[in-house]
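Have a look at the structure below, then the notes.
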């Protein structure tokens, strides 16, 4: 029996795995099987041990594959043998508990604080409906660090304008309360005045188009990209860059890591720790400037 084909059919029809992912699994598995055949002349599922898989990992690294690609291929082999064990075909999974190449975490892009102040205070936005709405979009994303999906769901009733707090429903509908700067109130009231007089009153969604429809993802991306182009040369100019900027600037100002975790709505601290690199860079700069031997 062709166990590889059986595994692929399992992914397709039982796991309902996407066609793109199935294709990637098949390609990785075919490469592993070919490696086995080249090394020992055959592919015997119960003849493959952890040393064999480890030697394959070494050969992949020698081919200059990225750690991410190597880890994905090993994950494929691991899933394959997990399936074989479930079907009582293989006795063990030789791909578990193996040392894998470390994937270097991609550091988040962020916009310099002074550049965002310049964007929001420098007269880049018009005073009409579109300009006021677009400025509110950028201001909210940067002032609160909320996700794009959270911004799209915002309602007027989510704002406590007396206490400068906003209620957000994040992933898994988990609610969190985020403080925001006082100047956001002025911008919010200005937007609501123009929207209500020119577009109409809305009891539900906060942000709308000029036709009175709820704003959508592509519109938000366009607004953010167009305006960030005025103040940064970053290649990535997205709503998430403003979220990165929010977290980075808070930590650089001395905010507690756990507090930033709660503000961002992260499930665990590891997700927040990617922002600490900038804090360390800031500390290094301060050290160089302040220490007599710096």
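Numbering (my numbering), first residue to last: 943 to 1236. We treat Cβ as the ideally placed atom computed from N, Cα and C, and that holds for glycine.
message: Assuming residue 1096 is part of the alpha helix (DSSP H), what are its boundary residues?
response: Neither: residue 1096 is in no alpha helix (DSSP H) and is coded neither H nor E.
Give the straight-line distance between the Cα atoms of residue 1001 and residue 989, rounded to the nearest whole angstrom.
19 Å
Q. Buried or exposed: where does residue 925 fall if 16 or more other Cβ atoms within 10 Å of its Cβ makes it buried?
A. Since the first residue of the chain shown is 943 and the last is 1236, residue 925 is not available in this structure.
Whole-angstrom distance between residue 1167 and residue 1177, CA atom to CA atom = 10 Å
Top-ranked residue by Cα proximity to residue 1145, from 1133, 1023, 1080 and 1099: 1099
Query raised in the report: residue 1142 to residue 1078, Cα distance in whole Å?
Result: 18 Å
Hey, residue 1118 and residue 1205: beta-carbon distance below 9 Å or not?
yes
- [ ] Measure the Cβ-Cβ separation of residue 1181 and residue 1062 and say whether it is below 9 Å.
- [x] no
**Message:** Which residue wins for smallest C-alpha separation from residue 1165, given the options 1014, 1080, 1091 and 1201?
**Reply:** 1080
| With distances taken from CA atoms, which of 1185, 967 and 948 is nearest residue 1013? | 967
Worksheet item: In the DSSP assignment, what residue or residues form a beta bridge with residue 947?
Response: Looking at the DSSP assignment, residue 947 forms no beta bridge with any residue, so it has no partner.
What's the gap between the Cα of residue 1233 and the Cα of residue 1111? Residue placement at residue 1233 is poorly supported in this model, since its pLDDT is 47, which falls under 50; the coordinates are not used for a value here.
(message) Could you compute how far the alpha carbon of residue 1036 sits from the alpha carbon of residue 992?
(response) 4 Å
- Query: Shortest alpha-carbon distance to residue 1075 belongs to which of 956, 969 and 1137?
  - Reply: 1137
- Secondary structure at residue 1150, three-state DSSP: helix, strand or coil? strand
Practice prompt. Tell me, please, which residues DSSP counts as bridged to residue 1110.
Written response: 1118
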